[in-house]
Amino acid sequence: MILLDGKVASAALLEFLKPMVETLNPKLVVVQVGNDPASASYIKQKVKSCEAVGMRHEHVHLDEGITLESLMETISRLNSDEDVTGFFVQLPLPKHLQGNEPDIIKAIDPKKDIDGFGAYNLGKLFLSKEFEHLPPATPAGIIRLLEHFDIEIAGKHAVVIGRSNTVGKPVAIMLLNRNATVSICHSKTQGLEDIVRQADIVIAAVGKPKMITADMVKEGAVVVDVGIHRTDEGLCGDTDFDALKDKVSAISPVPGGVGPMTVASLIRNCVTAKERQIGVRD
Ligand SMILES: NC(=O)c1ccc[n+]([C@@H]2O[C@H](COP(=O)([O-])OP(=O)(O)OC[C@H]3O[C@@H](n4cnc5c(N)ncnc54)[C@H](OP(=O)(O)O)[C@@H]3O)[C@@H](O)[C@H]2O)c1
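As structure tokens, this is what we get:
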């Protein structure tokens, strides 16, 4: 069984990016609103990776009760600041702003949208692999994880469980761009177990602890677990790792699988954004 170790694959990606960061000198800005503890921990990891590659970074920490107008002013300032290569607003936002998330994402200049959540960058994914310029970081991390461990995608049946705009849908399109045959499952899917059992590659992005059990996965399948849950027994993913590890040919752990790949992909997007801004890349 191959352990799809995101710490190893992300370290390799960051090492690859280091000389590019040195030459291009991009700057990444994190916008945090409020004090959500999970967000604070994700931001810490992102800042750590910036430091690992020597990328300039700034943490804009806004008050929990900030108005939409003030947040939009911050976004507008970052859009027009030529020294800022890329930025993102860490989600989830405080309750009073959650309904405005689409407008907030829309307000970010697509050239600086390193989370890749905006319609422009998501739309480009649909064209082809060559147009995946600023893909959402988690789907990009999943693909990179599979590629790092030489997992063949073309011709395989990939089943993605989850259809969120940030994970499920874009990763499905990126797998399709690499010639997988893709099924996308969601909460209204009928016969989920039977569909998952047909998969050569399972992408579990469902947000339910250990929902994907060993009897749902065929012998020798590749499993990427995107979920992350804090339970009384510690962190776990959307799959039952212990039960699956002796049945599959490859599986990603939680923690240490997709998480570090997401962070490294965000850094990669910032490098790509800079290359495109200065015209050294199409
Ligand atoms: N490691 C990382 O870097 C990283 C990054 C992002 C997210 N995550 C984790 O990944 C997981 C998914 O994230 P997300 O943002 O995509 O979650 P989400 O927006 O909550 O989407 C969950 C998806 O799963 C589907 N679903 C829910 N219950 C289901 C069921 N019983 N059967 C089949 N499908 C079901 C939902 O279907 P409907 O559309 O029909 O509601 C939805 O499409 C979460 O655990 C999240 O914390 C990890």
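Numbering (this note's numbering), first residue to last: 44 to 325. We treat Cβ as the ideally placed atom computed from N, Cα and C, and that holds for glycine. Just so it is clear, the structure is predicted and the values come from calculations on it, not from any experiment.
Residue environment, residue i, which counts as buried when at least 16 other CB atoms sit within 10 Å
i	result
LYS87	exposed
GLU175	buried
ASN164	buried
THR274	exposed
ILE185	buried
ARG187	buried
ILE45	exposed
SER308	buried
VAL323	exposed
PRO145	exposed
THR66	exposed
ASP193	exposed
THR110	exposed
ALA197	exposed
ASN78	exposed
ILE321	exposed
ALA316	buried
ALA55	exposed
ASN220	buried
ASP156	buried
LYS231	exposed
beta-carbon residue i near ligand 1 non-hydrogen atom, thresh 6 Å
i	result
HIS205	One detail in the question is off: residue 205 reads as Gly in this sequence, not His. Yes.
ILE271	yes
VAL249	yes
VAL210	yes
HIS191	no
SER230	yes
THR305	yes
THR274	no
THR282	no
THR181	yes
Pair within 7 Å by beta-carbon distance, residue i and residue j
i	j	result
ASN312	LEU177	yes
PRO252	VAL214	no
VAL269	VAL301	yes
THR128	PRO69	yes
ALA264	ASP289	no
ALA201	LEU218	yes
LEU278	ALA257	no
VAL72	GLU112	no
LEU60	VAL314	yes
SER53	PRO303	yes
PRO137	GLY159	no
VAL326	MET259	Nothing about residue 326 can be reported from this structure: the residues present for the chain run from 44 to 325 only.
VAL64	VAL96	yes
ILE216	LEU168	yes
ALA150	MET115	yes
ILE310	SER92	yes
THR282	ALA247	yes
PHE130	LEU140	no
LEU57	VAL76	no
Residue i - partner residues in DSSP beta bridges
i	result
LYS70	ARG99
GLY277	THR274
GLN75	HIS104
ALA264	Bridge partners of ALA264: none, in fact.
PHE130	VAL72 and ASP156
THR282	ILE255
ALA215	Per DSSP, none; premise fails for ALA215.
HIS200	THR224
VAL245	VAL202 and VAL266
LEU46	ILE294
Rounded distance between the beta-carbons of residue j and residue i, thought under 8 Å
i	j	result
ILE148	GLY161	5 Å
VAL210	VAL132	That belief does not hold up - the Cβ atoms of VAL210 and VAL132 are roughly 17 Å apart, past 8 Å.
SER295	LEU47	4 Å
GLY205	VAL249	5 Å
LYS50	GLY280	Not a contact, Cβ separation roughly 15 Å.
Heavy atom of ligand 3 within 6 Å of residue i beta-carbon
i	result
GLY302	This structure simply doesn't include ligand 3; it includes ligand 1 instead.
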